[in-house]
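Taken in order, these protein sequences are the chains called E and P. First residue of the first sequence: 0, per numbering that gives the first Met the number 0; consecutive thereafter. First residue of the second sequence: 0, per numbering that gives the first Met the number 0; consecutive thereafter. All C-beta atoms in this analysis are idealised placements derived from N, C-alpha and C, irrespective of residue type, glycine included. Computed from a predicted structure; not experimentally measured. Please read the structure below before turning to the comments.
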Amino acid sequence: MKRLFALLVVMALALTAVSAFAETKVNFFTGKIETIDLLNGIIDEFNAQNPGIVVEQEYQNDASNIIKVKFASDEVPDVMTTYEQEFVDQGKYMDISDVNEWWDRLIPSMRDSCTDLKTGKQYRICTNMTMAGFFYNKEIFAELGLTPATTWDEFVKNLEVIKEKKPDVVPWFIFGKEAWHLGHLIEFIPHGYLKQTLGALGCKTAMLNNESDKLNLGAADGCMAVFAQNMLDLQAKGLINEDVLTATGDNCTEAFVTGKAAMFSNGMWALSGILEANPEMADKLGFAPYPAYMPDSQPVVLCAEDSGYSISATTENVDAAKAFLTFLFSAENQKKYSESLGSPSAFKDVEAAWAPEGFAKEVSNVLNSAVNIGFTNEKPAGFSGDDAGRMVQDLLAGTYDAKGFAEAYEKAWNEGF
Amino acid sequence: MKIRKVNWTQFMSFPAILLYSIFFVYPLLKGIGMSLTDWDGMGTANFVGLSNFERFFQDKRAIGDIRTTLIFAAGSAVFLNLVGLGYALLMERPFHGRSAARVIIYLPAIISPLIMGYIWYFLLQPGRGFLYHAAEQLGTTFFLGKWMNDYPTTMTVLVFVNVWQYAGMTMIIYLAGLKNISTDILEAAIVDGAGSWQRFTRVTLPLLMPAIRINVVTNIIGSLSVFDVIMSLTEGGPGYATESLSIYIMRMCYGSRTGYSTAVAMILFFIILIPVLISLYLTKEKSDA
């Protein structure tokens, strides 16, 4: 009896070991907190339908930095949402240019956005698009007879009217404690100007090769200095919140949904938070582009790739990783994803109600009327968006004048290379 | 051949030495090597000699960070010891609710400093915090309206929060020191006619020297390597105004300048070592006297 029991135990252990070896584990690494639950549901479905493959999601708040540690320690996830040009240059991602079943369904411009400029290949695929511009309170604008500005002068005039007629309302709320937010202002306004004047490809090349004569970052009449002067003027006139350096994103949402702020700059990722805080905002939400602020420039709006996925160049589970992504990219799952994220799908065959109808229409109008720009992936590795944001904090704290800011920015940019 | 006998003590200390070597000596040596390279964290590391160290002293931001770190450490170390000692002297005396009072004073020390920082930010946030609104009700907002726009006030707030959190820990060490002072000595001093101030300065303080030594050294080390309190309250800002060296090291490391950040970590090691050695020397002399 004892022998039989021992034999059964050994067999059970052996079976466990064999099944463990037969199981392919796919580590999926993400920094997107807003999609954790949804993706866990999709992953559970995939795991149930694919015996032998187990996908595990790992979320890290500071994913863009944690991934560096993972690369350095050779604990590279099979699939990841983090993507940096320096990792592309170092051959960290698998070339997925030939996975036509994905690309054939994608909007062509989104494929262009996913293309590495240096090699012309694709090392990631993005399932969604995101837009950034000014969210404004339509009710306040209608009450004061205002329309969204297309030039900087009109923009300032709008803010002045709001301040004069509604002294309790912050005309433009900036949550400057969060450096990334100020970094985004640089990304969308002065970098946006560079992208529209040099062209998307020309700007990427100029940034990648640090062609300072084209970027002209430090010039006294360049895009950085004018942007800095405009921000200082708004601050001096009291057209932005007084606590610009200490206000947080939550403060901004609270002020906006309670009618204490008329507008703020952000991307579509802010939408779900606003509607959650006050569902009645669905009818009051307006969307406007960043106004033209340099001579001969046009309003711009960010229309960029979102939710990108890459496969590690060193993964041993290529087939399992591709199978998981194919499942994730199915029209049914992408509809759920798009509606949950509040961001339109980049797949042609996915029709999702990603935002309240009126707001979605307004976003669509802005995309058609303003110059569409993408994110800058070609920034120097040693000068992040947060670094740029901290320089704007310094500007608003009085450390720089406009000219000094532009010079310091150019210096930091060059040192970042 | 003569075989050297290993005694029991040496044998028992082997695991500790092994762990110390693996987790301290090896990383230290590796770090020294890394600080002499331009390693970005992933690619090839090229030897660059002492250029990382040269660059550090030419970087205005880094020099500003040294200033912030030293001001924070000086303020924290001094006030932690003064407040901790004050608490200990109060809590040594018997009174109703003494145990509860000790627990309340010590409680902040066991809460994560990051969480503590965020709580204090909600209390102190300029124009929005609870204390700001409470002060407003009294008719004045004191410094609470714009404390992050003024460097001295920001540093004062940072030191205050740090002292508030860790004074309880300092108090515990001082209480243990006070317990060790024999009542016979104090009674003898009373018989000799010493007043309370004389008893404190001539008897209590010299006999507290071992506790002072521990507190001064640990507070200097803790304050010079400060990260979490500043990160949660100001994130080193506005801009880089209140950035400490530890935050600078982290940002450089994540900014693909791993070799350089390791060099800065080496510099921080010496910045900590010098005051620690000085304070050890000064307090040793006193405790030996």
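Tell me where the beta strand (DSSP E) around E/Gly266 begins and ends. E/Gly266 -> beta strand (DSSP E) spans Ala260 to Gly266.
Going by DSSP, what residues sit across from E/Ala422 in a beta bridge? Since the first residue of chain E shown is 0 and the last is 416, residue 422 of chain E is not available in this structure.
Report yes or no: do the segment 250-270 of chain P and the segment 46-64 of chain P share at least 3 C-beta pairs separated by less than 8 Å? A contact between stretches requires three or more CB pairs, one per stretch, nearer than 8 Å, and the segment 250-270 of chain P meets this requirement with the segment 46-64 of chain P.
What residues of chain P sit near E/Glu356, judged by a beta carbon separation below 9 Å? Going along chain P, no residue has its Cβ under 9 Å from E/Glu356, so there is no contact; the nearest lies around 35 Å.
For E/Ala330 and E/Ile161, the rounded distance between their alpha carbons: One alpha carbon belongs to E/Ile161, the other to E/Ala330, and they sit about 44 Å apart.
Name, in chain order, the residues that DSSP records as bridge partners for E/Leu394. For E/Leu394, no pairing in a beta bridge is given by DSSP.
Hey, how far is the Cα of E/Val256 from the Cα of E/Phe140? Using only the alpha carbons, I get a separation of about 15 Å.
Starting from the Cα of E/Val54, find the closest Cα among E/Asn60, E/Asp73, E/Thr29 and E/Ile65 and give me that residue. Of E/Asn60, E/Asp73, E/Thr29 and E/Ile65, the smallest CA-CA separation from E/Val54 is found for E/Thr29.
For E/Asp305, does the three-state DSSP call read helix, strand or coil? Note: E/Asp305 maps to strand in three-state DSSP.
Give the straight-line distance between the Cα atoms of P/Gly30 and P/Met265, rounded to the nearest whole angstrom. Straight through space, the alpha carbons of P/Met265 and P/Gly30 are spaced by roughly 8 Å.
Beta-carbon spacing of P/Val160, P/Val228 below 8 Å: P/Val228 sits close to P/Val160, with the two beta carbons spaced by under 8 Å.
Considering just the uninterrupted stretch of the alpha helix (DSSP H) at E/Glu361, what are its terminal residues? Element bounds for E/Glu361: Glu356 to Ser368.
Every unbroken alpha helix (DSSP H) inside the segment 194-272 of chain P [4 residues or more]: Listed in chain order, the complete alpha helix (DSSP H) runs (minimum 4 residues) inside the segment 194-272 of chain P are 208-223, 227-232 and 244-253.
Between which two residues does the alpha helix (DSSP H) carrying P/Lys178 extend? For P/Lys178, the enclosing alpha helix (DSSP H) stretches over residues Tyr150 to Lys178.
Own chain, CB closer than 6 Å to E/Val243, minus 5 neighbours either side, in chain order: Apart from the 5 residues on each side of it in sequence, E/Val243 sits with its Cβ closer than 6 Å to the Cβ of Ile173, Gly175 and Leu395 in its chain, given in chain order.
Among all the DSSP beta bridges, which residues are the ones paired with E/Gln56? In the DSSP assignment, E/Gln56 is bridged to E/Phe27.
So, is the C-beta of E/Met390 closer than 8 Å to a C-beta in chain P? E/Met390 has a beta carbon lying within less than 8 Å of a beta carbon in chain P.
Could you list the residues in the segment 80-100 of chain E with a C-beta less than 7 Å from some C-beta on chain P, going in chain order? Those residues of the segment 80-100 of chain E that come within reach of chain P (Cβ to Cβ, closer than 7 Å) are Glu85 and Gln89.
Flag this pair as touching only if the segment 343-350 of chain E and the segment 103-116 of chain E have three or more C-beta atom pairs under 8 Å; answer yes or no. The segment 343-350 of chain E makes contact with the segment 103-116 of chain E: 3 or more CB pairs, one atom from each, lie closer than 8 Å.
Comparing C-alpha positions only, which one of E/Val225, E/Thr325, E/Arg389 and E/Pro278 sits nearest to E/Glu100? The alpha carbon of E/Glu100 has as its nearest neighbour, out of E/Val225, E/Thr325, E/Arg389 and E/Pro278, the alpha carbon of E/Thr325.
E/Val169 and E/Ala254 look like a contact to me (Cβ under 8 Å); what is the Cβ gap, rounded to whole Å? At roughly 6 Å, the Cβ-Cβ gap stays under 8 Å, so E/Val169 and E/Ala254 are in contact.
What is the C-beta distance between P/Ala100 and P/Met90, in whole angstroms, given that I count them as a contact (C-beta under 8 Å)? About 6 Å separates the two Cβ atoms, so the contact holds.
Can you tell me the Cα-Cα spacing of E/Ala235 and E/Phe226, whole angstroms? E/Ala235 and E/Phe226 have their alpha carbons spaced roughly 14 Å apart.
Is it buried or exposed, E/Arg389, if we count other Cβ atoms within 10 angstroms and call 16 or more buried? Result: buried.
Show which residues of chain P have a CB atom less than 8 Å away from the CB atom of E/Asn64. Under the 8 Å cutoff, chain P gives Tyr253.
DSSP beta-bridge partners of E/Thr196: Partner(s): none; E/Thr196 has no beta bridge.
Flag this pair as touching only if the segment 202-213 of chain E and the segment 272-289 of chain E have three or more C-beta atom pairs under 8 Å; answer yes or no. Judged by Cβ distances under 8 Å, the segment 202-213 of chain E makes no contact with the segment 272-289 of chain E, as fewer than three pairs qualify.
Using a Cβ-Cβ cutoff of 9 Å, what residues of the segment 145-176 of chain E are near chain A? List them in chain order. The structure shown contains no chain A; its protein chains are E and P.
With DSSP run on the structure shown, which of helix, strand or coil describes E/Ile188? Coil, per DSSP.
Which first and last residues belong to the alpha helix (DSSP H) in which E/Trp151 is found? Unbroken alpha helix (DSSP H) run through E/Trp151: Trp151 to Lys164.
So, with DSSP's three-state summary, where would you put E/Met128? E/Met128: strand per DSSP, three-state reduction.
Can you find a C-beta in chain P that's less than 8 Å from the C-beta of E/Ala387? No - not a single Cβ of chain P is within 8 Å of the one on E/Ala387.
Below 8 Å on the Cβ atoms is my guess for P/Val300 versus P/Phe78; work out the distance and round it to an integer in Å. The requested residue 300 of chain P does not occur in the structure, where chain P is confined to residues 0 to 288.
Below 6 Å CB to CB, which residues in the same chain sit around E/Tyr192 once its five sequence neighbours on both sides are set aside? The beta carbon of E/Tyr192 sits closer than 6 Å to those of Cys222, Met293 and Ser296, all from its chain and outside the five residues before and after it, given in chain order.
Let me check one thing: in DSSP terms, what residues is E/Trp171 bridge-paired to? Assignment of beta-bridge partners to E/Trp171 by DSSP yields E/Ile239 and E/Met262.
Taking Cβ positions only, does P/Glu234 come closer than 8 Å to chain E? Yes, because at least one Cβ of chain E sits closer than 8 Å to the Cβ of P/Glu234.
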